[in-house]
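**Student:** Here you go, one structure.
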Amino acid sequence: TIILGIETSCDETAAAIVARNANGQGEVLSNIVRTQLDEHKAFGGVVPEIAARSHVQWLDHIVAQALDAANLGYKDLDGVAATAGPGLIGGVLVGLTTAKAIARAIGRPLIGVNHLEGHALTARLTNNTQFPFLLLLVSGGHSQFVLVKGVGEYERWGTTIDDALGEAFDKVAKMLNLGFPGGPKVEEWAKKGDANRFKFPRPLLKEKRLDFSFSGLKTAVRLAAEAAAPLSDQDVADICASFQSTIVAVLERRCAQALERFQEEFPDEVAQMVVAGGVAANQQIGEALRQVAFEHGAELIVPPMKLCTDNGAMIAWAGAERLALGQVDRSNIAARPRWPLDSDDMKLGDHHV
Ligand code: ATP
Ligand code: MG
Ligand code: FE
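Take any residue in the sequence shown, count from 1 to its spot, add 1071: that is its number in this note's numbering.
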């Protein structure tokens, strides 16, 4: 099965071709991502209207490039998958409408994919990961633990009650004038800093639930930066290091709890934890999570970064998995800004032939 996948829910215009064989193994035949970073940089964050216009301008070219790079034409496709939500509605509409037009033109099914399901199933494309597994999704828009029991079978175990983790990195970077996106900048500065200089709060750390909260931490960082102003390079480095080590402590604790819960619910399985989203690129976080997994006799799976951040291959793959399980054409699906993974309409049964 050969699927075209389109992703336009945020600030990446992306298209990819993915093949799935009868054994359920996947292969990325092409994966084209055009980031709009430069278009949003001056605003310190993604501007929805600019994003939507840029998707309109670029998507056709990106789709053509994806087909070219895979050495395929429209007639070779068995289906077209596109993000139908959640995300910035203007961008989602652009991708979904384009996908509908292509699917209609070639007479193949359209699969409207939940963006979060794309992230959730990527490890099955890259590492052939078997169900059930635990997903930690930490990106610019999401911070959540999801139990992945099967295609369409998700339980959300925890989420952020305020900011997403990548968003917290971005906001801290903005306060310190480090540029956008902030995650990589904060990580770079943190390397030269003293993580013990500032003691920041660790919200919800003592609680049993698997939720996150990062907005209090963000405020504490701002107050510390204001108190230490004017900031020397060393001050900036120390703030970044202290912030990042606080994040690491929170993630370590939460991941340990999540793994323990997984092991209680599935005593006969080797616990697998998949990390996805842009924040997974952070080396200190990656090393800490590897250690937590090791201590729990669990396996940590981090797909290649190009497939952890937003891309079309994950959408194509989710579409391929659904099609293989009998998902019917969804050409009447609507774009939506919100679409939790544990919604009822994620279940495959609702769409079976
Ligand atoms: P979505 O939430 O819909 O997946 P997104 O585009 O915001 O969309 P990603 O592209 O997965 O998310 O990731 C971008 C986020 O990851 C940004 O917030 C960025 O600051 C953060 N990030 C990237 N590299 C690092 C890093 N090395 N350390 C920490 N955060 C990072
Ligand atoms: Mg992005
Ligand atoms: Fe994403």
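Where a beta carbon is used, it is the ideal one built from N, C-alpha and C, also for glycine.
The structure displayed is predicted, hence computed values, not measured ones.
Counting by C-beta, which residues lie closer than 6 angstroms to a heavy atom of ligand 3, in chain order?
**Tutor:** For ligand 3, the selected residues are His1186, His1190, Ser1210 and Asp1381.
**Student:** Distance check for Ala1329 and Glu1340, CA to CA, integer angstroms please.
**Tutor:** Here residue 1340 corresponds to residue number 269 of the sequence shown, with the count starting at 1. Here residue 1329 corresponds to residue number 258 of the sequence shown, with the count starting at 1. Roughly 14 angstroms between the two C-alpha positions.
**Student:** Could you tell me the distance, in whole angstroms, from the CA atom of Ala1295 to the CA atom of Lys1262?
**Tutor:** Here residue 1295 is taken as the residue at index 224 of the sequence shown, counted from 1. Here residue 1262 is taken as the residue at index 191 of the sequence shown, counted from 1. Whole-angstrom Cα-Cα distance: 19 angstroms.
**Student:** Quick one: what's got a C-beta closer than 6 angstroms to Val1373's C-beta in the same chain, skipping five residues either side?
**Tutor:** Residue mapping note: residue 1373 aligns to position 302 of the sequence shown, counting from 1. Contacts found: Val1346 and Ala1351.
**Student:** Taking 8 angstroms as the threshold (C-beta atoms), are Leu1206 and Val1219 in contact?
**Tutor:** By one-based count along the sequence shown, residue 1219 stands at place 148. By one-based count along the sequence shown, residue 1206 stands at place 135. The answer is yes: Cβ separation under 8 angstroms.
**Student:** For a test of the three-state rule: what should DSSP assign to Gln1136, helix, strand or coil?
**Tutor:** For the purposes of this step, residue 1136 is taken as residue 65 along the sequence shown, with counting starting at 1. Three-state result, Gln1136: helix.
**Student:** Tell me whether Glu1366, by its Cβ, gets closer than 7 angstroms to a heavy atom of ligand 2.
**Tutor:** Within the sequence shown, numbered from 1, the residue matching residue 1366 stands at position 295. Outside the cutoff, so no.
**Student:** Based on DSSP bridge pairs, tell me the residues matched to Phe1283.
**Tutor:** Looking up residue 1283 in the sequence shown gives position 212. Looking at the DSSP assignment, Phe1283 forms a beta bridge with Thr1231.
**Student:** If you run the structure through DSSP and keep just helix, strand and coil, what is Gly1183?
**Tutor:** In the sequence shown, residue 1183 corresponds to position 112, counting from 1. It is a strand residue.
**Student:** Taking 8 angstroms as the threshold (C-beta atoms), are Ala1235 and Lys1289 in contact?
**Tutor:** Here residue 1289 is taken as the residue at index 218 of the sequence shown, counted from 1. Here residue 1235 is taken as the residue at index 164 of the sequence shown, counted from 1. Result no, Cβ atoms of Lys1289 and Ala1235 do not sit closer than 8 angstroms.
**Student:** Classify Ile1386 as helix, strand or coil using the three-state DSSP reduction.
**Tutor:** Translated into positions along the sequence shown, residue 1386 becomes position 315. Residue state, collapsed to three classes: helix.
**Student:** Can you tell me where the alpha helix (DSSP H) with Gln1362 in it begins and where it stops?
**Tutor:** Counting from one through the sequence shown, the residue named residue 1362 turns up at place 291. Gln1362 -> alpha helix (DSSP H) spans Gln1354 to Glu1366.
**Student:** Is Pro1203 near ligand 1, with its Cβ less than 7 angstroms from a heavy atom?
**Tutor:** Residue 1203 sits at position 132 when you count from the first residue of the sequence shown. Pro1203: no, Cβ never under 7 angstroms from ligand 1.
**Student:** What residues in its chain sit with their C-beta under 7 angstroms from that of Ile1404, if we drop five residues either side in the sequence?
**Tutor:** The count along the sequence shown starts at 1 and reaches residue 1404 at position 333. Contacts found: Ala1155 and Gly1183.
**Student:** Evaluate Pro1252 with the Cβ neighbour count: other Cβ atoms within 10 Å of its Cβ, from every protein chain shown; 16 or more gives buried, anything less gives exposed.
**Tutor:** Here residue 1252 corresponds to residue number 181 of the sequence shown, with the count starting at 1. Flag for Pro1252 reads buried.
**Student:** Relative to the alpha-carbon of Asp1309, which residue among Ala1093, Ala1244 and Trp1410 has its alpha-carbon at the smallest distance?
**Tutor:** The sequence position of residue 1309 within the sequence shown is 238, counting from 1. If we check each option's Cα against that of Asp1309, Ala1244 comes out closest.
**Student:** Does the pairing of the region 1073-1086 with the region 1143-1151 give three or more beta-carbon distances under 8 angstroms?
**Tutor:** Verdict: yes, contact present.
**Student:** Under a three-way DSSP split, which group does Val1373 fall into?
**Tutor:** By 1-based counting over the sequence shown, the position of residue 1373 is 302. Three-state result, Val1373: coil.
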